[in-house]
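All remarks here apply to the structure that follows.
2 protein chains.
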Amino acid sequence: MAKLVECVPNFSEGRDNNIIEAIVEEVRKVKGAKLLDYSSDEDHNRTVVTFIGSPEPIKEAAFNLAKKAAELIDMTTHQGGHPRMGATDVVPFIPISDITMAECVQLAREVGQKMGEELNIPIYFYEEAATKPDRKNLADVRKGQYEGFFEKIKDDNWKPDFGPQEMNAKSGATAVGARVPLIAYNVNLGTHDIEIANQIAKKVRFLGGGLRYAKGMGVKLEERNIVQVSMNLVNYEKTAIYTAFEMVKMEAKRYGVPVIGSEVIGLVPMKSLIDCAEYYLQIENFSMDQILEKRIVE
Amino acid sequence: MAKLVECVPNFSEGRDNNIIEAIVEEVRKVKGAKLLDYSSDEDHNRTVVTFIGSPEPIKEAAFNLAKKAAELIDMTTHQGGHPRMGATDVVPFIPISDITMAECVQLAREVGQKMGEELNIPIYFYEEAATKPDRKNLADVRKGQYEGFFEKIKDDNWKPDFGPQEMNAKSGATAVGARVPLIAYNVNLGTHDIEIANQIAKKVRFLGGGLRYAKGMGVKLEERNIVQVSMNLVNYEKTAIYTAFEMVKMEAKRYGVPVIGSEVIGLVPMKSLIDCAEYYLQIENFSMDQILEKRIVE
Chain F
1 MAKLVECVPN FSEGRDNNII EAIVEEVRKV KGAKLLDYSS DEDHNRTVVT
51 FIGSPEPIKE AAFNLAKKAA ELIDMTTHQG GHPRMGATDV VPFIPISDIT
101 MAECVQLARE VGQKMGEELN IPIYFYEEAA TKPDRKNLAD VRKGQYEGFF
151 EKIKDDNWKP DFGPQEMNAK SGATAVGARV PLIAYNVNLG THDIEIANQI
201 AKKVRFLGGG LRYAKGMGVK LEERNIVQVS MNLVNYEKTA IYTAFEMVKM
251 EAKRYGVPVI GSEVIGLVPM KSLIDCAEYY LQIENFSMDQ ILEKRIVE
Chain A
1001 MAKLVECVPN FSEGRDNNII EAIVEEVRKV KGAKLLDYSS DEDHNRTVVT
1051 FIGSPEPIKE AAFNLAKKAA ELIDMTTHQG GHPRMGATDV VPFIPISDIT
1101 MAECVQLARE VGQKMGEELN IPIYFYEEAA TKPDRKNLAD VRKGQYEGFF
1151 EKIKDDNWKP DFGPQEMNAK SGATAVGARV PLIAYNVNLG THDIEIANQI
1201 AKKVRFLGGG LRYAKGMGVK LEERNIVQVS MNLVNYEKTA IYTAFEMVKM
1251 EAKRYGVPVI GSEVIGLVPM KSLIDCAEYY LQIENFSMDQ ILEKRIVE
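Residue numbers (my numbering), protein chains in the order written: chain F, 1 to 298; chain A, 1001 to 1298.
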């Protein structure tokens, strides 16, 4: 199987369809980059684009999207409910298969450098691509937002990693990074008591002393008259799906509530589910190379 | 993800490396056909070749291998321990992903017809590609072997599906078919008593009244001083890996013996393990399209 990397850039435009389509079109133009999804939120005035492919086309597409966004989006007039610092607000690269995080960091660095130099945009590397510990967390990098960056960028501690050393008024600044894929995973409970789902979520999530890479909350499924523990697993290699599932089950016992099912929302890497099969079947010495589909003709 | 089909032809030559290499080379020559494995057995005087790819290149490679085998192997002098009826003895096509069994049957039919017409070899379709119920089982088709076919072929009930209506002395006859992939799966027991493994295998396998698509026997792992129930799952979509695992566990309880692990041998289709994750996690409404790798750029 070929190296596969996912890119999920966020743009500060969620209302003008002509602009949104023109940006998304840049993915379609690159052979080898496959558009998986894009969705816009008018309140947030923001669009999230998801595409996947091998490193070279993904690099090309990521840059071309940012270039188009720099042409078409003017941050001086931007308003929206979601925190943002630039026209191309954030560009994460996510390893999917047969590619290491280090390679994705390298990708982020190359795209960031090119954006800085050719588009004249201040670039900040974040998460796995961060150049300093206090740039790891995107929220910290983006703090102050577009409006605040005209000052923030002058702070010695917040000099951009690439690009101009002063703010780009039209395009703002961009965070470019590499991170593991996030899995949206919900466990359904045989009760309609939302308080029980909330209590379980609190025990399972990192904030409540639970699993390091799990976020969670209780959610009511009105139609089915049940509740669920809705989770985000932000590092499935360290906090596995089965771990989250078993921990919800364990906490549900306290209330005598049965776990009646679970849901995987959206796309997940194959390995995240194969890991679960390995766990429950107690498989010894399994290698992902034993998956026939991994042998696909390149 | 592209349509992926596997082909595992068996040839009646397992001793002469020049001939074996010349046949295998025909796979390497076809762009889009990927050689996964080949292995020869001198006692059996037989070679098994495994390759994978999308239908067109697999069709081309399968025919080219049979053509080369017809040139280089002379059945009039062939001797070996394994039942065989032709130089290219059997050619199964196996659906791996995004391809139906019906499409594999169609592939078998096309390759069989071409072999019959262009290589002048009597062709019998078997398993899912069989044209009559009594040709489904390969052992029934091959009964009498090469030597017996000179008479068998004259029987009205055993007229070839394609090709000449009389035996090809040099190349013999060939069975061409389509079948589901076979999974070799072993469950390890926390005991060194082979009798217990044998008893469990008897209960789990079809022959003993167990699972329809499971074969099994007890095997001793001398090095670890344990035993295992060694199984072949010949239709993982109907008799799943987790079903076999749970049934071994269930039977092991009778002896107070713990299941200490399991092994998947060789290649398995992704779906066979994803099915297990779905079962144990009680996942509702999962679609294989949610697997990121399925979205690979085509």
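The C-beta atom is built at its ideal place from N, Cα and C for all residues, glycine as well. Please read these numbers as outputs of a predicted model, since none were measured by experiment.
CB contact check: residue i to chain A, cutoff 9 Å
i: residue 117 of chain F; result: no
i: residue 25 of chain F; result: no
i: residue 278 of chain F; result: yes
i: residue 19 of chain F; result: no
i: residue 52 of chain F; result: yes
Short CB-CB distance (under 9 Å) between residue i and chain F
i: residue 1061 of chain A; result: no
i: residue 1270 of chain A; result: yes
i: residue 1106 of chain A; result: no
i: residue 1230 of chain A; result: no
i: residue 1293 of chain A; result: yes
i: residue 1065 of chain A; result: no
Pairwise C-alpha distance: residue j and residue i
i: residue 953 of chain A; j: residue 1247 of chain A; result: With chain A covering only 1001 through 1298, there is no way to say anything about residue 953 of chain A.
i: residue 1080 of chain A; j: residue 1045 of chain A; result: 5 Å
i: residue 4 of chain F; j: residue 1075 of chain A; result: 47 Å
i: residue 105 of chain F; j: residue 1274 of chain A; result: 29 Å
i: residue 183 of chain F; j: residue 83 of chain F; result: 22 Å
i: residue 280 of chain F; j: residue 89 of chain F; result: 41 Å
i: residue 1159 of chain A; j: residue 1171 of chain A; result: 17 Å
i: residue 270 of chain F; j: residue 262 of chain F; result: 17 Å
i: residue 293 of chain F; j: residue 25 of chain F; result: 30 Å
i: residue 1256 of chain A; j: residue 1186 of chain A; result: 19 Å
i: residue 286 of chain F; j: residue 54 of chain F; result: 26 Å
i: residue 18 of chain F; j: residue 39 of chain F; result: 14 Å
i: residue 1298 of chain A; j: residue 1268 of chain A; result: Bear in mind that a pLDDT of 41 at residue 1298 of chain A, under 50, signals an unreliable position, so the number given afterwards is only what the model happens to contain. Straight-line Cα distance between these residues: approximately 22 Å.
i: residue 87 of chain F; j: residue 115 of chain F; result: 12 Å
i: residue 191 of chain F; j: residue 1047 of chain A; result: 59 Å
i: residue 1277 of chain A; j: residue 1258 of chain A; result: 22 Å
i: residue 240 of chain F; j: residue 1098 of chain A; result: 27 Å
i: residue 1237 of chain A; j: residue 222 of chain F; result: 34 Å
i: residue 1136 of chain A; j: residue 1142 of chain A; result: 11 Å
i: residue 1157 of chain A; j: residue 1150 of chain A; result: 14 Å
i: residue 1207 of chain A; j: residue 1243 of chain A; result: 16 Å
i: residue 1071 of chain A; j: residue 1093 of chain A; result: 23 Å
i: residue 195 of chain F; j: residue 225 of chain F; result: 14 Å
i: residue 1027 of chain A; j: residue 1010 of chain A; result: 13 Å
i: residue 29 of chain F; j: residue 1002 of chain A; result: 21 Å
i: residue 91 of chain F; j: residue 233 of chain F; result: 20 Å
i: residue 214 of chain F; j: residue 291 of chain F; result: 28 Å
Under 8 Å from the C-beta of residue i: neighbouring residues of chain F
i: residue 1266 of chain A; result: 290
i: residue 1274 of chain A; result: 270, 273, 274 and 277
Closer than 7 Å at the beta carbon, the chain A residues around residue i
i: residue 138 of chain F; result: The contacting residues do not exist; residue 138 of chain F stays about 22 Å from chain A at best.
Contacts that residue i makes with chain F (C-beta to C-beta distance below 9 Å)
i: residue 1282 of chain A; result: 187, 188, 245, 259, 260, 261 and 262
i: residue 1242 of chain A; result: 277, 280 and 281
Contacts that residue i makes with chain F (C-beta to C-beta distance below 7 Å)
i: residue 1286 of chain A; result: 264
Listed by chain order, chain A residues near residue i by CB distance under 9 Å
i: residue 7 of chain F; result: What residue 7 of chain F touches in chain A: nothing, since even the nearest Cβ is about 13 Å away.
Closer than 9 Å to chain C by CB, residue i
i: residue 1244 of chain A; result: Absence of chain C from the displayed structure is noted, the protein chains being F and A.
Along the chain, which unbroken stretches of the beta strand (DSSP E) at least 3 residues long are found entirely within the segment 1058 to 1136 of chain A?
-> 1088 to 1097 and 1123 to 1127
Looking at chain A, which residues of the segment 163 to 182 of chain F have a Cβ within less than 9 Å of any of its Cβ atoms?
-> 181
Which runs of the beta strand (DSSP E) fall wholly inside the segment 214 to 241 of chain F and span at least 3 residues, in chain order?
-> 214 to 221 and 226 to 233
Uninterrupted alpha helix (DSSP H) stretches inside the segment 1143 to 1208 of chain A (no shorter than 4 residues) = 1145 to 1152 and 1194 to 1204
Identify every run of the alpha helix (DSSP H) within the segment 250 to 283 of chain F, keeping only runs that are complete inside it and at least 4 residues long; order them along the chain.
-> 270 to 280
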